[in-house]
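Q: This structure is in structure tokens; I'll ask about it shortly.
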Amino acid sequence: MGTLVRLDPPGPSLRRELAYRFGLLLSPAETERAMGAEIALYRQRMHGASDPAGVQALRAAAAEALRAALPPDRRLPDVSTPELVEALLASLHFTAYPDALPALRWARQRGMRIVVVSNWDSALGEMLGRVGLAPWLDGVVSSAVAGVAKPDPAIFAIALAEVGVDAAEALHVGDSLAEDVAGARAAGVRAVWLDRSGSSTAQDVSAISSLAELTDRL
267 MGTLVRLDPP GPSLRRELAY RFGLLLSPAE TERAMGAEIA LYRQRMHGAS DPAGVQALRA
327 AAAEALRAAL PPDRRLPDVS TPELVEALLA SLHFTAYPDA LPALRWARQR GMRIVVVSNW
387 DSALGEMLGR VGLAPWLDGV VSSAVAGVAK PDPAIFAIAL AEVGVDAAEA LHVGDSLAED
447 VAGARAAGVR AVWLDRSGSS TAQDVSAISS LAELTDRL
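Written out as structure tokens, the structure reads:
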């Protein structure tokens with residue numbers, strides 16, 4: 267998220283889904299508040315979703331957090347948890363950044379091995395498949411399956427082992443200074459900060475504003 271993939275703002279989609287499916291009419295502010303509660307719970311518990319059953323349980327818990335944050339409505343108690351999960355998932359639209367696939371294709375055509383390492387639940391590979399990036403990857407490591415999350419250097423070690431590459435041979439690209447740059451460096455991996463805003467003022471950090479710039483770095 268932020269490096270290869272982006273999430274379209276879910277609030278407007280969720281508002282439409284709740285109105286269409288259940289007749290719940292919410293203001294933008296009410297929808298954003300409920301979505302914020304769902305996101306907070308997801309981030310708190312996502313590292314425990316290490317298999318399909320865990321992902322299903324996480325989604326149910328997130329849907330219930332969403333329900334609890336919605337304004338009172340007599341129709342809401344009649345909405346089942348699976349129905350609310352379906353509405354929630356229908357409002358989440360992930361897309362690959364325009365520069366993601368060209369960068370992956372460029373690297374693979376030159377014999378480089380590519381592994382995604384991300385703080386995500388175990389459905390990470392499925393999402394990367396839906397946005398069309400999975401065929402260009404040699405491995406996917408999620409924090410939920412690894413049992414450890416960035417910036418812990420252990421998750422980078424797992425990713426390196428996944429593709430059989432030494433830390434000194436690797437380059438990690440990510441959009442977070444705290445999780446990506448600091449974590450990679452702690453694992454002995456060179457790091458490039460992807461600052462899509464282009465307003466980087468960080469010192470002692472190799473920064474790019476687009477994945478297209480990686481061709482110069484590699």
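Numbering follows our numbering, with no gaps: position 104 of the sequence shown is 370.
We put the beta carbon where it would ideally sit given N, CA and C, even for glycine.
Between the stretch 291-298 and the stretch 457-467, are three or more C-beta pairs nearer than 8 angstroms?
A: With the cut-off at 8 angstroms, the stretch 291-298 and the stretch 457-467 do not touch.
Q: Alpha carbon to alpha carbon, how far is Q469 from L443?
A: Their backbone Cα atoms lie some 11 angstroms apart in a straight line.
Q: If you run the structure through DSSP and keep just helix, strand and coil, what is W386?
A: Reduced to three states, the DSSP call for W386 is coil.
Q: Spatial neighbours of G302 within its chain, please: CB distance less than 8 angstroms, with the 5 preceding and 5 following residues excluded, ordered by chain position.
A: Counting only Cβ-Cβ distances below 8 angstroms, and skipping sequence neighbours, we find A335.
Q: Between P276, N385, R379, P348, which has its C-alpha nearest D404's C-alpha?
A: The shortest Cα separation from D404 among P276, N385, R379, P348 belongs to R379.
Q: Could you compute how far the alpha carbon of E283 sits from the alpha carbon of V382?
A: Cα to Cα, E283 sits roughly 31 angstroms from V382.
Q: Go to W372, then tell me how far its alpha helix (DSSP H) extends in each direction, as first and last residue.
A: 366-375 is the extent of the alpha helix (DSSP H) around W372.
Q: Could you spell out the range, first to last residue, of the beta strand (DSSP E) harbouring A457?
A: Residues 456-460.
Q: Alpha carbon to alpha carbon, what distance is there between D418 and R299?
A: Looking at the two C-alpha atoms, the distance is approximately 31 angstroms.
Q: Where G398 and A362 are concerned, what is the direct C-alpha to C-alpha distance, given to the nearest angstrom?
A: Their backbone Cα atoms lie some 8 angstroms apart in a straight line.
Q: Can you have a look at S559 and say buried or exposed, based on whether 16 or more other CB atoms are within 10 angstroms of its CB?
A: It is not possible to answer for residue 559, since the shown part of the chain is limited to 267 through 484.
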